[in-house]
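Mapping the sequence shown onto my numbering, position 136 (from 1) lands on 393, and the numbers just tick up by one.
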Amino acid sequence: MIRAMVIGASGYAGAQICRILSRHGKVSIAGLCVSENSADKGRKISDLYGNLKGICNIELESTPDAGAIAKRADVVFLATDHKVSHDLAAPLVANGVTVFDLSGAFRISDTDVFEKAYGFAHEHKDLLARAVYALPEFTAPEKIRQTKIISLPGCYPTASQLALRPLIDGNALDAAYRPSINAVSGVTGSGRKARLTNSFCEVSLNAYGVFTHRHQPEIEEHLGTKVIFTPHLGPFKRGILATITAKLNPGFDEAKVRKLFQDAYRDKPLVRVVDGMPRLQDVQYLPFCDLGFKCSDDGYIIVCSAIDNLLKGAASQAVQVMNIYFGFDETTGLL
Numbered sequence: 258m259i260r261a262m263v264i265g266a267s268g269y270a271g272a273q274i275c276r277i278l279s280r281h282g283k284v285s286i287a288g289l290c291v292s293e294n295s296a297d298k299g300r301k302i303s304d305l306y307g308n309l310k311g312i313c314n315i316e317l318e319s320t321p322d323a324g325a326i327a328k329r330a331d332v333v334f335l336a337t338d339h340k341v342s343h344d345l346a347a348p349l350v351a352n353g354v355t356v357f358d359l360s361g362a363f364r365i366s367d368t369d370v371f372e373k374a375y376g377f378a379h380e381h382k383d384l385l386a387r388a389v390y391a392l393p394e395f396t397a398p399e400k401i402r403q404t405k406i407i408s409l410p411g412c413y414p415t416a417s418q419l420a421l422r423p424l425i426d427g428n429a430l431d432a433a434y435r436p437s438i439n440a441v442s443g444v445t446g447s448g449r450k451a452r453l454t455n456s457f458c459e460v461s462l463n464a465y466g467v468f469t470h471r472h473q474p475e476i477e478e479h480l481g482t483k484v485i486f487t488p489h490l491g492p493f494k495r496g497i498l499a500t501i502t503a504k505l506n507p508g509f510d511e512a513k514v515r516k517l518f519q520d521a522y523r524d525k526p527l528v529r530v531v532d533g534m535p536r537l538q539d540v541q542y543l544p545f546c547d548l549g550f551k552c553s554d555d556g557y558i559i560v561c562s563a564i565d566n567l568l569k570g571a572a573s574q575a576v577q578v579m580n581i582y583f584g585f586d587e588t589t590g591l592l
């Protein structure tokens, strides 16, 4: 039985990990942790999230030091702020713990780009060099298993990369035309902490972080191409719908594009290539990415990608990668 600890367990993604691990069957929860100053410390996770009552009733504790964690846990999920993950990961790995990091602390390899995107200097360049960025449909299992520090993609980058990777790998896109990604997220994407910008009564439908969002360099690095990325905040709780426009190379039509998607995801159980365009309601509360597309007669393509930002964009993807790491069926605990 794998012993797992969740740090940042009281947040939205952390709570989703607790739910998944509680029904996993091959994992025991070794502890649910929050910061020392958290108002949630000492409360049961099921008191914060009533839908966990009878499923996970573990009390939230302050985060122990790395040595104490290593005695209790084989793996740690960091569902924490980027700087917190950056600071916690190094001592955990040094103590032999395998870390699955849901933050952005180890997603960007260029430390200058990282500092500009996240607002602080990266102090663990050696660990950054050892980190594996794990998009499970495209990262080789042997690569994931070679390290103790696994960086999970962001929610927007997950939706965007799953839509574009088959096209890029299949040389279907005109490199002179930047793919344009317009993606709308529900308000849970901005976290559980209350702010005016994510107050439900204040949320409308608006673009934000135009040309400056920290997910743009992540998307570009791991796709290997420049993109135009425009995120939007929508007046709904959860989910992401990304609508992506690109230019096809000559010779690619709808039939050839469909074959690229079908070949890419034929043995990938958590990506569904659908007829027509996907709907957000079909993936909410589920670990799937649904993909649909349409090609124009003059060589353009629109791809739509739908995910639950808290699951395929965070918690379920983290557990999917953990399953791959330990050689379990990758859907264990997820379906």
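Note that beta-carbon positions come from the ideal geometry of N, C-alpha and C, so glycine has one too. Values in this document were obtained by computation on a predicted structure and should not be read as measured data.
Ordered list of beta strand (DSSP E) runs contained in the segment 367 to 455, each at least 3 residues: DSSP assignment within the segment 367 to 455 yields the following whole beta strand (DSSP E) runs of 3 residues or more, N-terminal first: 406 to 408, 437 to 442.
Within the segment 522 to 587, ranges of the beta strand (DSSP E) (whole runs, at least 3 residues): 528 to 530, 546 to 552, 557 to 564
Sub-7 Å separation of L359 and A336 beta-carbons: yes
CB of G491 within 7 Å of CB of V530, strictly: no
P507 burial status per 10 Å Cβ neighbour count (16 or more: buried): exposed
Stretch-stretch touch, CB-based, cutoff 8 Å, three pairs: the segment 449 to 464 with the segment 511 to 521: Contact between the segment 449 to 464 and the segment 511 to 521 is absent: fewer than three C-beta pairs spanning the two stretches fall below 8 Å.
I312 (DSSP reduced to helix, strand or coil): coil
Residues near S295 in its chain [Cβ-Cβ closer than 8 Å; skip 5 each side]: For S295, where only same-chain residues beyond five positions count, the Cβ hits under 8 Å are S267, L317, S319.
Residue interval of the beta strand (DSSP E) (run including E318): 317 to 319
The beta strand (DSSP E) enclosing C290, as first and last residue numbers: 284 to 291
Those residues which DSSP pairs with N463 across a bridge: DSSP lists L490 as partners of N463.
Segment contact flag, the segment 476 to 483 with the segment 411 to 421, C-beta cutoff 8 Å, min 3 pairs: yes
Element boundaries [alpha helix (DSSP H), containing K340]: 339 to 351
Beta carbon of P436 nearer than 7 Å to that of L421: yes
Inter-stretch contact (C-beta, 8 Å, three-pair minimum) for the segment 321 to 339 and the segment 284 to 293: yes
Alpha-carbon to alpha-carbon, Q273 and P535: 23 Å
Separation of P544 from K525, as counted between CA atoms: 12 Å
Rounded separation between P393 and Y522 - CA only: 11 Å
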